[in-house]
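Residue numbering for the sequence shown follows my numbering, starting at 589 and increasing by one per position.
Structure record follows, encoded as structure tokens.
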Amino acid sequence: MSQKLPLPPFTEETAKRKVQLAEDAWNSKDPERVSLAYTENSEWRNRAEFINGRSEIKQFLERKWNKELDYKLKKTLWAFLDNRIAVRFEYEWHDDSGQWYRSHGNENWKFDQNGLMAKRYASINDQPIQKSERRL
589 MSQKLPLPPF TEETAKRKVQ LAEDAWNSKD PERVSLAYTE NSEWRNRAEF INGRSEIKQF
649 LERKWNKELD YKLKKTLWAF LDNRIAVRFE YEWHDDSGQW YRSHGNENWK FDQNGLMAKR
709 YASINDQPIQ KSERRL
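Pasting the structure below:
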């Protein structure tokens, strides 16, 4: 069985490292790379969509990054305990018409003993912005 360091239980240092690794992976916009951080049967809620397992995760991410162009993400550790991490995030992107958005919200993560994410719950809001208002 594969492991994804750092492993739980998390300290502040290892939780921050886990968050940075997730940010780096998502900014790669590589669905295969991102999916390897999750258990084979990982359960997600992303907005109003329910996603189960790596195959669905990869399909979801392919759709996401085909829609959310020039995607750039920043994640920040909010809280942690044992095998759980909560993050705040914002990301910016534009659609195919050129309209820019800042999406922001929070995620709650639960990890297995091998450091793979078993559950991910994301609440996200989109805010239309002008290109000149971008922060990322």
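All C-beta atoms, glycine included, are put in the ideal place defined by N, C-alpha and C.
* Asked: What's the C-alpha gap between leucine 724 and tyrosine 679?
  -> Against the sequence shown, residue 724 aligns to sequence position 136. Against the sequence shown, residue 679 aligns to sequence position 91. Tyrosine 679 has its alpha-carbon roughly 7 Å from the corresponding atom of leucine 724.
* Asked: Just to confirm, are arginine 676 and glutamine 715 a CB contact at a threshold of 9 Å?
  -> Position 88 of the sequence shown, counted from the start, is the residue given in the question as residue 676. Position 127 of the sequence shown, counted from the start, is the residue given in the question as residue 715. Contact flag unset, no.
* Asked: Can the beta-carbon of arginine 642 be found less than 9 Å from the beta-carbon of serine 630?
  -> Along the sequence shown, one-based indexing puts residue 642 at 54. Along the sequence shown, one-based indexing puts residue 630 at 42. For arginine 642 and serine 630, yes; Cβs fall inside 9 Å.
* Contacting residues, own chain, Cβ-Cβ under 8 Å from lysine 660 (five flanking each side not counted) -> In the sequence shown, the residue the question calls residue 660 occupies position 72. Excluding sequence neighbours, lysine 660 sits near Asn615, Tyr679, Glu680, Trp681, Leu724.
* To do: Thinking lysine 707 and lysine 698 are a contact (beta carbons under 8 Å), I'd like their distance in whole angstroms, please.
  => If you number the sequence shown from 1, residue 707 lands on position 119. If you number the sequence shown from 1, residue 698 lands on position 110. Confirmed, about 4 Å.
* Asked: With DSSP run on the structure shown, which of helix, strand or coil describes threonine 627?
  -> The residue you call residue 627 lines up with position 39 of the sequence shown. It is a strand residue.
* **Selection from Asn696, Ser711, Asp683 that minimises the alpha carbon distance to isoleucine 717** => Taking the first residue of the sequence shown as position 1, residue 717 is located at position 129. Cα-wise, what sits closest to isoleucine 717 is Asp683.
* Asked: Which whole-angstrom value is the C-beta distance of proline 619 and leucine 657, which I expect to be below 8 Å?
  -> Counting from 1 along the sequence shown, the entry for residue 619 is found at position 31. Counting from 1 along the sequence shown, the entry for residue 657 is found at position 69. Between leucine 657 and proline 619 the Cβ distance is about 15 Å, and since that is not below 8 Å, they are no contact.
* Asked: On the three-state DSSP scale, how would you describe threonine 602?
  -> Sequence index remark: in the sequence shown, residue 602 carries index 14 (1-based). Helix.
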